[in-house]
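In the numbering used here, the protein residues as written are 274 to 647.
In structure tokens, the structure reads:
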């Protein structure tokens with residue numbers, strides 16, 4: 274998707290100027306030297322397009338291969354294993370990895386990170402799978418025209434049990450939540466969707482909520498046009514933490530926003546706050562009351578990570594800024610409690626970890642701990 278961005282080049286130039294003028298922070302109060310780090314010697318054979326974090330392991334996807342990195346020491350990650358398969362997005366639970374690879378669902382046992390085992394590979398409906406989520410014994414995959422539900426209780430033989438079809442330009446993010454309602458315990462999927470540019474009027478887009486309590490009979494319960502997306506829009510990404518979801522919305526391709534929604538009551542979703550972004554925004558990751566947003570022009574191979582303190586959901590506060598060397602459209606982020614992982618295409622993987630500087634600076638700072646270049 275290409276954005277029309279008049280005036281954004283001036284903003285990008287100003288951002289680069291600010292980044293270039295930011296002083297390197299000292300490693301300690303007594304030292305005036307910037308923290309030194311040596312780029313890792315990891316070599317990727319292809320562009321890094323995805324990363325999924327589970328504990329101390331990072332699962333790095335390229336167009337041709339999956340790499341498993343031990344990030345116990347983020348300044349010196351090491352490759353422990355690999356598998357010759359492309360990975361576009363993935364979820365991991367109990368050492369089982371469920372991944373999308375073009376039009377396929379891949380199921381892998383990653384108990385032994387040195388020897389990941391492919392258990393099954395199954396073709397799924399439609400194509401362009403951009404998002405995947407796991408809840409209990411079912412995997413949910415967002416595709417070109419809807420949402421597929423797959424029973425993975427038998428990892429060797431996953432079964433497609435439901436496929437909700439609707440006109441949409443793609444699903445960019447999925448969050449699953451289980452709540453108690455007047456109808457008992459229900460399970461809902463929250464989908465960030467894009468408009469379909471083939472249909473007149475750019476039909477679709479925005480936040481969609483699907484009742485997936487019965488995966489074989491999924492029901493859309495939230496209309497496309499809603500208070501969550503006041504005009505038909507592109508919702509470019511979605512991330513969740515607790516009773517809140519964080520969405521990136523392009524209302525008119527000029528004023529991208531980070532929205533925070535309270536989803537504790539799926540029948541009465543509340544918009545808690547929004548932040549007007551200074552640049553086009555593309556991806557969001559949330560961890561420990563910090564929201565990280567990848568921003569920048571779709572026309573250039575650089576951007577920034579903007580970090581927000583969202584402890585007070587009604588008042589998100591920007592506390593960090595860090596440059597990245599990749600087209601921000603491709604910077605799908607993954608967060609661990611202490612670090613942020615940024616796919617950088619041909620430039621590899623960037624790991625940004627929370628500063629341990631003493632005394633603590635007035636704003637949160639992320640330091641580039643490693644550049645694992647491809």
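Positions of the beta carbon are idealized from the N, C-alpha and C atoms, including for glycine.
Near residue i, which residues of its chain fall below 7 Å by C-beta distance, leaving aside the five closest residues on each side in sequence?
{"i": "residue 388", "result": "354"}
{"i": "residue 607", "result": "324, 325, 326, 558, 614"}
{"i": "residue 516", "result": "535, 536, 537"}
{"i": "residue 491", "result": "420, 422, 435, 437, 483, 484, 485"}
{"i": "residue 595", "result": "577, 578, 625, 639"}
{"i": "residue 539", "result": "452, 461, 482"}
Report yes if the C-beta distance between residue i and residue j is below 7 Å; otherwise report no.
{"i": "residue 556", "j": "residue 544", "result": "no"}
{"i": "residue 523", "j": "residue 510", "result": "no"}
{"i": "residue 383", "j": "residue 393", "result": "no"}
{"i": "residue 406", "j": "residue 447", "result": "yes"}
{"i": "residue 578", "j": "residue 597", "result": "yes"}
{"i": "residue 580", "j": "residue 593", "result": "yes"}
{"i": "residue 650", "j": "residue 460", "result": "Residue numbering for the chain in the displayed model covers 274 to 647; residue 650 lies beyond these limits and cannot be assessed."}
{"i": "residue 462", "j": "residue 449", "result": "yes"}
{"i": "residue 346", "j": "residue 373", "result": "no"}
{"i": "residue 467", "j": "residue 479", "result": "no"}
{"i": "residue 587", "j": "residue 546", "result": "yes"}
{"i": "residue 369", "j": "residue 363", "result": "no"}
Could you pull out every residue in the same chain whose Cβ sits closer than 6 Å to the Cβ of residue i, ignoring the five residues on either side in sequence?
{"i": "residue 344", "result": "329, 331, 350"}
{"i": "residue 584", "result": "562"}
{"i": "residue 627", "result": "611"}
{"i": "residue 488", "result": "411, 422, 434, 435"}
{"i": "residue 456", "result": "none"}
{"i": "residue 529", "result": "523, 550, 553, 554"}
{"i": "residue 454", "result": "none"}
{"i": "residue 548", "result": "531, 589"}
{"i": "residue 609", "result": "326"}
Rounded to the nearest angstrom, how far is the Cβ of residue i from that of residue j, given a contact under 8 Å?
{"i": "residue 604", "j": "residue 616", "result": "6 Å"}
{"i": "residue 622", "j": "residue 333", "result": "6 Å"}
{"i": "residue 404", "j": "residue 419", "result": "At roughly 12 Å, the Cβ-Cβ gap does not stay under 8 Å, so residue 404 and residue 419 are not in contact."}
{"i": "residue 358", "j": "residue 339", "result": "6 Å"}
{"i": "residue 519", "j": "residue 564", "result": "5 Å"}
{"i": "residue 315", "j": "residue 335", "result": "So it is not a contact: roughly 12 Å between Cβ atoms."}
{"i": "residue 320", "j": "residue 619", "result": "5 Å"}
{"i": "residue 521", "j": "residue 531", "result": "6 Å"}
{"i": "residue 439", "j": "residue 493", "result": "7 Å"}
{"i": "residue 391", "j": "residue 356", "result": "7 Å"}
In the DSSP assignment, what are the bridge partners of residue i?
{"i": "residue 451", "result": "460"}
{"i": "residue 423", "result": "412, 433"}
{"i": "residue 391", "result": "381"}
{"i": "residue 347", "result": "In DSSP, residue 347 forms no bridge with anything."}
{"i": "residue 590", "result": "582"}
{"i": "residue 620", "result": "Note: residue 620 sits in no beta bridge, so no partner."}
{"i": "residue 614", "result": "607, 624"}
{"i": "residue 479", "result": "466"}
{"i": "residue 325", "result": "332"}
{"i": "residue 446", "result": "465"}
{"i": "residue 355", "result": "340"}
{"i": "residue 371", "result": "364, 380"}
{"i": "residue 577", "result": "568, 596"}
{"i": "residue 396", "result": "377"}
{"i": "residue 405", "result": "414"}
{"i": "residue 484", "result": "461, 492"}
{"i": "residue 438", "result": "419"}
Just to confirm my understanding: we take residue i, look at its own chain, exclude 5 residues before and 5 after, and list those with CB closer than 8 Å. What are they?
{"i": "residue 514", "result": "559, 560, 562"}
{"i": "residue 431", "result": "378, 380, 393, 395, 412, 423, 424, 425"}
{"i": "residue 361", "result": "322, 323, 334, 372, 373, 374, 375, 402, 403"}
{"i": "residue 318", "result": "335, 337, 338, 647"}
For residue i, is the beta carbon positioned less than 6 Å from some heavy atom of the ligand MG?
{"i": "residue 329", "result": "Among the components of this structure there are no ligands whatsoever, and the ligand MG is therefore not found."}
* **beta strand (DSSP E) runs wholly inside the region 490 to 575, at least 3 long, in chain order** => Under the rule that a run must span 3 or more residues, the beta strand (DSSP E) segments found entirely inside the region 490 to 575 read 507 to 514, 517 to 523, 529 to 535, 543 to 549, 554 to 560, 563 to 568.
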